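Contents: one structure, followed by commentary.
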Amino acid sequence: MRTLPRTPARVRDAAVELRGVTRLFGPSPALARVDLSIQRGEAVVLRGPNGAGKSTLLRIVATALSPTYGGGSVLGFDLATEREEIRRRCDLLTHRTRLYEELTARENLELFARLLGIPAGRVDEALERVALADAAGERVRMFSAGMRQKVAVARSIVRDPEMLLLDEPTTGLDDAARHVVERMILDAAAERRTLVIATHHPIAPELGARVVSMRDGSVEAGA
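Just remember that my numbering sits 462 ahead of the position in the sequence shown, which is counted from 1.
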């Protein structure tokens, strides 16, 4: 299994350390002075109504967004100055799969593996794990929402990240695709990867996740 270099020994055990993180979109903050600590290997579920700031928080941790104010670290790397190191070690999975529709499932994964220098042999293994081996040669534009999400899960398996960030990953999925996502979550937890999940759906109790409640861009409890 491909393993990325671990973060320096000088870094504390926190996977995520946010202090005073604020993100503005216009006059109202999507996040307001958020403090949050997550330990390595911990599973955390973000709960809250639509507009609570869950997706914005995940995107900041993944470096898809930058804080307007405040800062912190992810896996020991600074959010402002070491963004590429964070991106190498984290994977953000949402219900928007970000696939190339004119490529086949296998071609999507092979392209992704090539861009990151990952051995191509991991592609077939990932397709098998999400039960897409028989459909691997079909173009993604012909896939249902559930099949597309399976390809996105396979992409994450190929990547083998230290930390998984999941934003409503089972929204609109059929039972088979939902099972694939849930299996990935449980496998990641068993491997002691850090998990941060924003979802309205029930999470398997065996995950033992800590619940962080959010409302109006602020953390209410569980941080």
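Beta carbons are placed, not taken as given, at the ideal position from N, Cα and C, and that holds for glycine. Here the structure is a predicted model, which means the values were calculated and not measured.
Taking the Cβ atom as the reference point for each residue, do residue i and residue j lie within a distance shorter than 8 angstroms?
i           : j           : result
residue 500 : residue 476 : yes
residue 480 : residue 534 : yes
residue 508 : residue 676 : yes
residue 571 : residue 602 : no
residue 643 : residue 632 : yes
residue 598 : residue 589 : yes
residue 671 : residue 483 : no
residue 592 : residue 607 : no
residue 515 : residue 492 : yes
residue 618 : residue 553 : yes
residue 658 : residue 627 : yes
Leaving out five residues on either side along the sequence, give the residues of the same chain with a beta carbon under 8 angstroms from the beta carbon of residue i.
i           : result
residue 560 : 614
residue 668 : 648
Using a Cβ-Cβ cut-off of 6 angstroms (strictly less than) and excluding sequence neighbours within five positions of residue i, which residues of its own chain qualify?
i           : result
residue 486 : 530
residue 556 : 629
For a test of the three-state rule: what should DSSP assign to residue i, helix, strand or coil?
i           : result
residue 671 : coil
residue 583 : helix
residue 490 : strand
residue 658 : strand
residue 683 : strand
residue 522 : helix
residue 527 : coil
residue 678 : coil
residue 598 : coil
residue 507 : strand
residue 665 : coil
residue 502 : coil
residue 590 : helix
residue 540 : strand
residue 635 : coil
residue 569 : helix
residue 547 : helix
Could you tell me which residues DSSP puts in a beta bridge with residue i?
i           : result
residue 574 : Answer by DSSP bridge pairing: none, since residue 574 is not bridged.
residue 563 : The partner list for residue 563 (beta bridge, DSSP) is empty, contrary to what the question assumes.
residue 485 : 493
residue 478 : 500 and 536
residue 553 : 626
Would residue i count as contacting chain D if we go by Cβ distances under 8 angstroms?
i           : result
residue 639 : Within the model displayed, chain D is absent; a lone protein chain is all it includes.
Enumerate in chain order the residues of its own chain whose CB-to-CB distance from residue i is below 7 angstroms, with the five nearest sequence positions on each side excluded.
i           : result
residue 537 : 469, 477, 548, 551, 624 and 625
residue 585 : 568, 571, 572, 575 and 620
Problem - In chain order, each alpha helix (DSSP H) run of at least 4 residues that lies wholly inside the segment 600 to 626 - result: 607 to 621
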